[in-house]
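Following the numbering used here, the residues of the sequence shown are numbered contiguously, the last one being 426. Take a look at the structure set out below.
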Amino acid sequence: MRFPCTRFSTSLIFFFAVHLLNAQITIIGPFQLGDSSQAMLLKTQRDDAFIGRVMAMTPDSVIFKTQAGVRLGFANNWIKSIESLATNDTSVKGGDVFALRMKRGKVFYGHPIEIKHNRVIFNAKFRGSITKRIGRIDRITREYAAVYDNMMSPNDFSANFLKKNPPNRGQLLGYHNGVILHRDELGMEQHLDLDKLRGYKINYPYQDITGYGRAIMFSPTGFGMSKGEIDYRNFMVGINSISYGVSDYLSVGVGTLSFLPYIDVKLNHDVGEYIHVSAGGYLFALFSYGYHASLSFGTPDYFLNFSYVKSKEIQSVDSDLNFDLWSFGSSIRVGPKSRFFAEFNIITTPPNPFGYDVFSTYGYANGFSWGLTRYRNKIRWDLGLMHTGPFANCFPLPCEPIHVPIFFVAFGYKFGI
């Protein structure tokens, strides 16, 4: 007779515990205490979020175990909600989050940028970068938390650190009493005396180069776009284009030059890992049409590029857009999220009874462009200088050819994959 009574008492206690918990905490979705297969999202009143399991609860507190195995205790009035997560839930991403715990009890969440002998530089997310004296820090611990897209990027929580002298990549596991707990690339845990290190800092992950599948800056490349990839580009407001990868070997681009539309089709092929070729054709409004061919040597991070563009006028319009464009350029990664690019272009035009097509004074033009590109997630910014000409300078006479420097800014955004 005791066993049924015990079961009844346990159920009654569980019922009242859940009832009291619900009275203060918002429960979203099905919730069953002790279910080890059920992932829960716990969100605090200040919007800290953790993924794990509810281990125990009382009328005034909750014991929560994160996916990293860290047990945390919360007073009920600290918790905003507990939500059941489906296995296919994609609204939440996981990331490594570090807690910087001060000796006076204050805690900052984010990740350390650099640990030095006398201070720690810490990215405290919404508070930005902060610097704390090493003597005032109790410890740095690693936790597993939920990361929302509108709050922070998982890349910001990179746990890949570089230990200098000697160089050693690995993961930061924690810090306490002058000792860094470090896991090397072989998975071995090491206790590193901070006083014996020249430095210990985050090694930011390299971001993929984007936009190279269509052009370096002005001239086409031998690379292609991935199937489903969509790339938007704006150059100095007046030039806009959007390109779509129909397949890994075919892409289509449309855009406007000022208010005049154009369309471009490009086929590409990789001849091994380091040789890339492409060919295509375009139609510019009703004024001209043409074709282009490109050859690129290298990888998206480091490559040389040669290209040729042939433009022919539509005779019924008599636009005089007949020219040959030869281009040589290069793109070189210079940082985890940046590259350096340079292009040299030369245009030649045939003469006509009234002078030259397009460039009526000299019949040719050349331009040297160079600059830097900065990448952040799917966005890229190009900032550069274009030295172009010759233009006729007739003030004062006689007229002399000159080249003019032009600063330019371009913007790109990658959609799709």
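Yeah, the Cβ is synthetic: ideal placement off N, Cα and C, and Gly gets one too.
For residue i, I'd like the list of residues in its chain whose CB is within less than 6 Å of its CB, leaving aside the five on either flank, ordered along the chain.
i      : result
Ser303 : Pro229, Thr230, Gly231, Ser287 and Ser316
Arg242 : Ser250 and Gly421
Leu94  : Ala48 and Leu50
Arg142 : Arg128
Arg192 : Gly179, Gln180, Leu182 and Glu198
Ile124 : Tyr209
Asn314 : Ile225, Thr230, Ser305 and Gly338
Ile415 : Met395
Gly144 : none
Ser267 : Gly247
Could you give the DSSP three-state label for residue i: helix, strand or coil?
i      : result
Ser223 : As written in the sequence, residue 223 is Arg, which differs from the Ser given in the question. In this structure, Arg223 counts as coil in the three-state DSSP scheme.
Val116 : strand
Arg207 : coil
Asn331 : coil
Gly231 : coil
Gly372 : coil
Ile130 : strand
Ile143 : helix
Asn402 : strand
Asp98  : Low confidence applies here, because Asp98 scores a pLDDT of 41, under 50, leaving its location unreliable; read the following figure in that light. Reduced to three states, the DSSP call for Asp98 is coil.
List the DSSP bridge partners of residue i.
i      : result
Ala65  : Ile72
His278 : Val286
Asp310 : Asp310 pairs with nothing; no bridge assigned.
Leu292 : Ile272 and Tyr298
Trp390 : Arg383 and Phe420
Thr357 : Asp333 and Tyr373
Lys321 : Tyr298
Asn243 : Asn249 and Phe420
His191 : Leu181 and Gln199
Lys52  : Ala58 and Ser90
Phe412 : Rather than Phe, the amino acid found at residue 412 in this sequence is His. BP columns for His412 are empty, so no partner.
Glu352 : Gly338 and Ser378
Arg148 : Arg110 and His185
Gly262 : Ser252 and Asp273
Arg80  : Lys74
Rounded to the nearest angstrom, how far is the Cβ of residue i from that of residue j, given a contact under 8 Å?
i      : j      : result
Ser260 : Met234 : 4 Å
Asn132 : Gly119 : 5 Å
Ile355 : Asn375 : 4 Å
Glu194 : Arg178 : 6 Å
Asp333 : Thr357 : 5 Å
Pro121 : Ile88  : In fact, because the Cβ distance is near 27 Å, the residues do not count as touching under 8 Å.
Phe377 : Gly393 : With a Cβ gap of about 10 Å, Phe377 and Gly393 do not count as contacting.
Phe350 : Thr382 : 6 Å
Asp57  : Lys112 : 21 Å between Cβ atoms; not a contact.
Ile323 : Tyr300 : That pair is no contact at about 14 Å.
Tyr215 : Pro345 : 5 Å
Arg348 : Ser340 : 6 Å
Ile218 : Arg342 : 7 Å
Phe244 : Ala419 : 4 Å
Give me, in chain order, the residues of the same chain whose beta-carbon lies closer than 7 Å to that of residue i; leave out the 5 immediate sequence neighbours on both sides.
i      : result
Ile411 : Gly398, Pro399, Phe400 and Asn402
Asp69  : Ala84 and Asn85
Thr63  : Thr is not the amino acid found at residue 63; the sequence shown has Val there. Leu42, Met49, Val71, Phe73 and Ile91, listed in sequence order.
Lys52  : Ala58, Lys89 and Ser90
Cys380 : One detail in the question is off: residue 380 reads as Gly in this sequence, not Cys. Closer than 7 Å at the Cβ level, and outside the excluded window around Gly380, lie Phe350, Asp391, Leu392, Gly393 and Leu394.
Residues in its own chain within less than 8 Å of residue i by CB, not counting five upstream and five downstream?
i      : result
Gly254 : Gly222, Gly233, Met234, Ser235, Lys236, Gly237, Glu238, Ile239, Ser260 and Gly425
Tyr283 : Phe306, Gly307 and Thr308
Thr140 : Arg128, Val129, Ile130 and Phe131
Val116 : Ala108, Leu109 and Arg110
Tyr271 : Val263, Gly264, Thr265, Tyr291, Leu292, Phe293 and Ala294
Val413 : His396, Thr397, Gly398 and Phe400
Shorter than 8 Å from the beta carbon of residue i to some beta carbon of chain C?
i     : result
Lys89 : Considering every chain present, this structure includes no chain C. It has just one protein chain.
The ligand NAD and residue i: does any heavy atom of the ligand fall closer than 7 Å to the residue's C-beta?
i      : result
Phe268 : Among the components of this structure there are no ligands whatsoever, and the ligand NAD is therefore not found.
Contact between the segment 278-287 and the segment 181-193 (3+ Cβ pairs under 8 Å):
no
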